[in-house]
Amino acid sequence: AIVRPSGPNAILVSPRQKGNPVLTNIKSVPWEYSDTPADYVLGATTCAMFLSLKYHRLHPEYIYSRIKQITGKFNLRVLLAMVDIDNHEDPLRELAKTSLVNNFTLILAWSAKEAARYLEAYKALEHAAPTAIRGQQAATYAERMTEFVTVPRGINKTDAMALVSAFGSIRAAVNARKEEVATVQGWGEIKVKRWYDSVREPFRVEG
Amino acid sequence: MGSESAKAPKIKLSLPLEYQQDLFTELRAEDGLVVLARGLGSLRIVTNLLHSYDVAGNNLIVIVGADERENAWIGEALAEHAAISRSPLARGLTQVNTDFSNVSARDKAYGQGGIFSITSRILIVDLLSKLLNPELITGLIVLHAEKVVATSTEAFIVRCYRQNNKTGFLKAFSDNPESLASGFNPLAATLRNLFLRKPSLWPRYHATVAKSLEGQKKAEVIEFDVPMTSNMRDIQNAILECVEVSISELRRSGTGIELDDWTIESALHRNFDVIIRRQLDPVWHRTNFKTRQIVSDLVVLRSMLNALLTYDAVSFHKYMEIILASHQPPPGSSRQNQSPWLYLDAANIIFDTTKRRVYTGKPQVSTNGNQIEPSLHPVLEEQPKWALLTEVLDEIERDAYLNPTIRDDSNGTILIMCSSNSVCKQVREYLQTKDVKAATGPDVDSTGDDKEGPSAAYMMRRKLRDYLMWKKNFSKANMALINENKKALEGFTDQATAAAIYKSRAPPNKRRRVRGGSAVAANDRNGTDPPIPLSTDKSANVTQLMDNIQITAEEAQQKEEIVVDELIDMEDFFELYQMEDLLVVHPFDGDMDDQILEEVRPRYIIMYEADAAFIRRIEVYRSSHNDRNIRIYFMYYGTSVEEQRYLSVVRKEKDAFTKLIKERGSMSLTITHEADLLDPQEQFLRTVNTRIAGGGRLTATAKPPLIVVDVREFSSSLPSLLHGRSIRIIPAMLTVADYVLSPTICIERKSVTDLIQSFRNGRLFNQAETMLQHYKSPMLLIEFDQNKSFTLDKFADSTSTATISSTSQDIQSKIVMLTIAFPRLKIIWSSSPYQTAEIFEELKKNQDEPDPLRAVEIGLEAGNNPGEQSFNQTPQDMLRAVPGITSKNLSRITLEIKDMQELSNLPQQQLDELVGKQIGGQIHKFFNKNVIEDED
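Listed in order, the protein sequences are those of chains A and B.
By the count of the working numbering, the first sequence reaches residue 1249 at its end, each step adding exactly one.
By the count of the working numbering, the second sequence reaches residue 982 at its end, each step adding exactly one.
Structure representation (structure tokens):
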């Protein structure tokens, strides 16, 4: 393998992966070959094994022998499986079971590009706080209002705008009677009923 | 009238027509699937059938799939029948829906027997938990049988019922042959799902039906083809052009939708947006922003087509302004994210013509180069149907005056049928005010015949006044909303300047170019540019316009229009007025219309809008009552969406029946699915533990495998499929996870759309957190749809390569984040619910069975009743959209506050006590911010 100065920001790739088209698609994160039991080392406690389902079908024992080699070392062990066959049901069922037994996390990719994207993301987000998935709210009143009003099915942006500008405030819209809401342009009976019921439906299901 | 059934108790039925009686006897004799053409009164058959069972007493009959109105109708009809035949044993209908959620009360009600209409989700849970023992059910009536597909809850219910109960009756009804006939061998599939053998098809052209309806006297029908005004036609054509362009844009986006057979005619069809949405559905999660935008544009365009015909000119103009405003781009966004149709000349025509139907002015170029309109004056185009309606009413009056002699059983009432409540309201208002003389101001304009005779001028002038008032508020609201966007964009420092610009009105050349320089943008009359032209630089003109339509003395005498729909007090009207001079305006309401006809007994019916089913209802009504004369006026706009829709509905129904009849002809009649249904042998083999190898003794485990399923999951198809694989399903109220497979394994199921949604609002993060707290092996199941493509990969188009570098926004990055945050969380990928069921089975091998009681207790806070922990989804999601709401105060609010209405009305102080001062303030402001009055 070519020896390059290793940085903490690079993905470490096992020489076994040489020739894998995934490598040519890793672009936004540096990577280098390194002697590691896993296929890819993506962080201090994260590693990934790569498995093409086409290969798996021919050599079903391969992945199990590889998994054995990386026991104990990593906290998060990803099995990056590439779905490159049509009859994926059986192998995927098997892998689901195996991931439970052997404690790794199964990630599916459908192209070399997508697989590379996952590897990049694991490296790039290694130290990121999970804020993006903890739920963020829209910044402005208009967006928030729209988000709020459009929760019941079938109510769209236009309806939200019409509703609030007709009643002035959300509170007035919430308290409006059915007949009043029905006078707003674009609000047919179904929408009116959904809105009316949604704001009056109890938060909790009564026991 | 009435055909007597053989049984002992006296039954009075109300089935006067031959086909109805045939159908009834057939249904009493054997089980079957009845497909009846719309308008032939399938509910009437159902209620008579139910009554015949009800009279006998001592039975438990369950109705599946009835909606709210049908329940009301069935309940009423049963009570009426019971009263007429004076049967002491009849118990009427009991409804079980979400309001009836108390388990013990349900238990008691089931014990008493009777006729129940039960919401599918509750019914399946009760059947599985044996709260409602399937063996005790006398029979099942399935309404809307077209909805029973293999994976539906209704199919699950029928299977559950048939497994445990081979003797009870089972009858299914559908009056929607179109959706029943879609797909390959649809009839056989539906029959199989329903465990039925015999289809019974009743199109309008069925010999007996035709004979029954075309017998002695036919109803007199007078048809009017009303031409649209040239303005309306222009608008309709322009909208259609927009639709066409949007669709070709869709084609170009490479989503592979097939619209080879696309014609303008199909655009006029009711559901073109739905059809396209359905075509895109398999790849929906991979479509890009633009595609979605166009699909939502199509929905808007279709509603415009509809509104053009139903709204009056002023309301339509108002609606168009709202649409335009809500499609305004947020400041700083590029043309890329705009709706393409807004750039078309056609869009310009739409907005322009719409306005011209309301008021006009001669544009002049004033000295400073600003385009101003010196004299606006109202045009107020009337809907062509109004004048015709007046004519028809006059004719009826003359007719009634000249031929007063016919004394028959019908009242002299005139019934006007419209498509919706809002049209009813419009017609009612028109009729009330058409004889009020409108102002004869300085501008005697194109309202035309203002000599004498009725016109809608008064109503339209009032509407225009309302509109101008509204417009002022709307501009304010609009500005408040957009201003804020702008502020957010420009950041805190620029705020002052921005505000200054707005206060001093932007100079003309500084106006944002809203729609990329299209002609629409130049036409600032539409009030879309933030420097609201109408309320500022044109205010003088508006005042003038306002003066033009000032209230005149005659007008002032009229009382203000009331908003509340008087139909609620319909019963009162019947007592107060003589039926002779009553004029009833009513919307089409499915099977409920039969009742209207029976109660009103009209001599004249005016169909203000076309409806194929209602014509049949009149036929049925007419044939059922020999002694009632009836005349029908039937009007529609020629070469309009309305006409096309009417014709295509009729054609489609006919095609559907033809297809079904053909299939029935070629169907093999020996469907023996009931025989192999859960062969006891097979059931035994399933439980055999095959782990004991080498010919050791076979030991059967005591019970089939077991999975605890959250009750909310029963709206999905997975429980049904698991059950189909002979897994025992225990429904339970789960606080943590959706499925519990073993004491250590729990699973949260997410469809791809759910996944995206719950990443966005953070729900999945919390769910993962609690699952990890309580289970050793929590798993996230990402389930793709059966018919959708099994991939998360985006289309390989140019835009997606551009966005791929922006991290943490696409779904892949979010999955990565989730697994980094929770290394112990496993992910299962499944291409369909079928596959999921297999995976579950695999995962359960060699695992202990879960303990349902323990599963329910997990995650409950001490002392909490399990019932209190379950939430209604929609209000919960709405609550999450309120600013300041976090997962912590969310549960506090749901415990303390009843519903959204109560929350919105809480005073600031109480909110502060509940969630703290800062968040309390946020919530209070969110609800109370007034976009009309607020200055900021």
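We put the CB at the ideal spot given by N, CA and C, even for glycine.
By how many angstroms is the C-alpha of residue j removed from the C-alpha of residue i?
{"i": "residue 88 of chain B", "j": "residue 1224 of chain A", "result": "30 Å"}
{"i": "residue 757 of chain B", "j": "residue 171 of chain B", "result": "7 Å"}
{"i": "residue 359 of chain B", "j": "residue 402 of chain B", "result": "9 Å"}
{"i": "residue 811 of chain B", "j": "residue 327 of chain B", "result": "27 Å"}
{"i": "residue 99 of chain B", "j": "residue 105 of chain B", "result": "8 Å"}
{"i": "residue 1143 of chain A", "j": "residue 1127 of chain A", "result": "24 Å"}
{"i": "residue 137 of chain B", "j": "residue 905 of chain B", "result": "42 Å"}
{"i": "residue 368 of chain B", "j": "residue 1187 of chain A", "result": "16 Å"}
{"i": "residue 217 of chain B", "j": "residue 90 of chain B", "result": "14 Å"}
{"i": "residue 393 of chain B", "j": "residue 654 of chain B", "result": "29 Å"}
{"i": "residue 1170 of chain A", "j": "residue 337 of chain B", "result": "32 Å"}
{"i": "residue 953 of chain B", "j": "residue 935 of chain B", "result": "17 Å"}
{"i": "residue 708 of chain B", "j": "residue 252 of chain B", "result": "14 Å"}
{"i": "residue 741 of chain B", "j": "residue 1103 of chain A", "result": "In this prediction, residue 741 of chain B has a pLDDT of 45, which is less than 50 and means its spatial position is unreliable; what the coordinates show is noted afterwards. If you take the alpha carbons of residue 741 of chain B and residue 1103 of chain A, they lie about 27 Å apart."}
{"i": "residue 504 of chain B", "j": "residue 428 of chain B", "result": "11 Å"}
{"i": "residue 724 of chain B", "j": "residue 879 of chain B", "result": "Because the pLDDT of residue 724 of chain B is 48, which lies under 50, any placement of that residue in the model is unreliable, and the question is left without a value."}
{"i": "residue 884 of chain B", "j": "residue 1135 of chain A", "result": "8 Å"}
{"i": "residue 142 of chain B", "j": "residue 241 of chain B", "result": "24 Å"}
CB-CB under 7 Å to residue i, same chain, minus the five flanking residues each way: which ones, in chain order?
{"i": "residue 613 of chain B", "result": "Low local confidence applies: a pLDDT of 48 at residue 613 of chain B is under 50, so the model's placement there is unreliable, with the coordinate-based value given in what follows. Correct list: empty, nothing qualifies."}
{"i": "residue 353 of chain B", "result": "362, 365"}
{"i": "residue 686 of chain B", "result": "274, 282, 355"}
{"i": "residue 1160 of chain A", "result": "1122, 1149, 1151"}
{"i": "residue 523 of chain B", "result": "977, 978"}
Can you name the residues that DSSP bridges to residue i?
{"i": "residue 141 of chain B", "result": "B/163"}
{"i": "residue 268 of chain B", "result": "B/679"}
{"i": "residue 795 of chain B", "result": "B/827"}
{"i": "residue 785 of chain B", "result": "B/755, B/793"}
{"i": "residue 460 of chain B", "result": "B/629, B/650"}
{"i": "residue 920 of chain B", "result": "According to DSSP, residue 920 of chain B bridges with nothing at all."}
{"i": "residue 1175 of chain A", "result": "For residue 1175 of chain A, which the question treats as bridged, DSSP gives no partner whatsoever."}
{"i": "residue 1074 of chain A", "result": "A/1054"}
For chain C, is any of its Cβ atoms less than 9 Å away from the one on residue i?
{"i": "residue 861 of chain B", "result": "Looking for chain C here will not work: the only protein chains present are A and B."}
Closest by CA to residue i, which one among the options?
{"i": "residue 645 of chain B", "options": "B/654, B/656, B/632, B/657", "result": "B/632"}
{"i": "residue 180 of chain B", "options": "B/163, B/458, B/108", "result": "B/108"}
{"i": "residue 102 of chain B", "options": "B/111, B/115, B/58, B/64", "result": "B/58"}
{"i": "residue 514 of chain B", "options": "B/661, B/404, B/116, B/399", "result": "B/404"}
{"i": "residue 61 of chain B", "options": "B/480, B/667, B/634", "result": "B/667"}
{"i": "residue 94 of chain B", "options": "B/110, B/67, B/80", "result": "B/67"}
{"i": "residue 657 of chain B", "options": "B/692, B/520, B/886", "result": "B/692"}
{"i": "residue 792 of chain B", "options": "B/884, B/889, B/806, B/209", "result": "B/889"}
{"i": "residue 182 of chain B", "options": "B/774, B/157, B/257", "result": "B/157"}
Ignore the nearest five residues each way along the sequence and tell me which others in residue i's own chain have a CB closer than 6 Å to its CB.
{"i": "residue 249 of chain B", "result": "83, 703"}
{"i": "residue 873 of chain B", "result": "826"}
{"i": "residue 898 of chain B", "result": "754, 776, 778"}
{"i": "residue 1238 of chain A", "result": "1220"}
{"i": "residue 1083 of chain A", "result": "1054, 1089"}
{"i": "residue 1139 of chain A", "result": "none"}
{"i": "residue 679 of chain B", "result": "268, 438, 652"}
{"i": "residue 665 of chain B", "result": "259"}
Spatial neighbours of residue i within its chain, please: CB distance less than 8 Å, with the 5 preceding and 5 following residues excluded, ordered by chain position.
{"i": "residue 1246 of chain A", "result": "none"}
{"i": "residue 991 of chain B", "result": "Outside the shown range of chain B, which is 47 to 982, sits residue 991 of chain B, and nothing can be said about it."}
{"i": "residue 814 of chain B", "result": "794, 824, 826, 864, 867, 868, 871"}
{"i": "residue 706 of chain B", "result": "81, 223, 226, 227, 232, 233, 245, 247"}
{"i": "residue 842 of chain B", "result": "Confidence is the limiting factor: at residue 842 of chain B the pLDDT is only 39, short of 50, which leaves the residue's position unreliable and the question unanswerable from this model."}
Cβ contact check for the region 764-773 of chain B and the region 154-164 of chain B: 3 or more pairs under 8 Å: no
Touch test, the region 937-945 of chain B against the region 1197-1215 of chain A, Cβ-Cβ under 8 Å, three pairs minimum: no
contact_flag[the region 118-135 of chain B, the region 692-701 of chain B] where n(CB pairs < 8 Å) is 3 or more: no
Inter-stretch contact at 8 Å, needing at least 3 Cβ pairs: the region 1229-1238 of chain A / the region 953-964 of chain B: no
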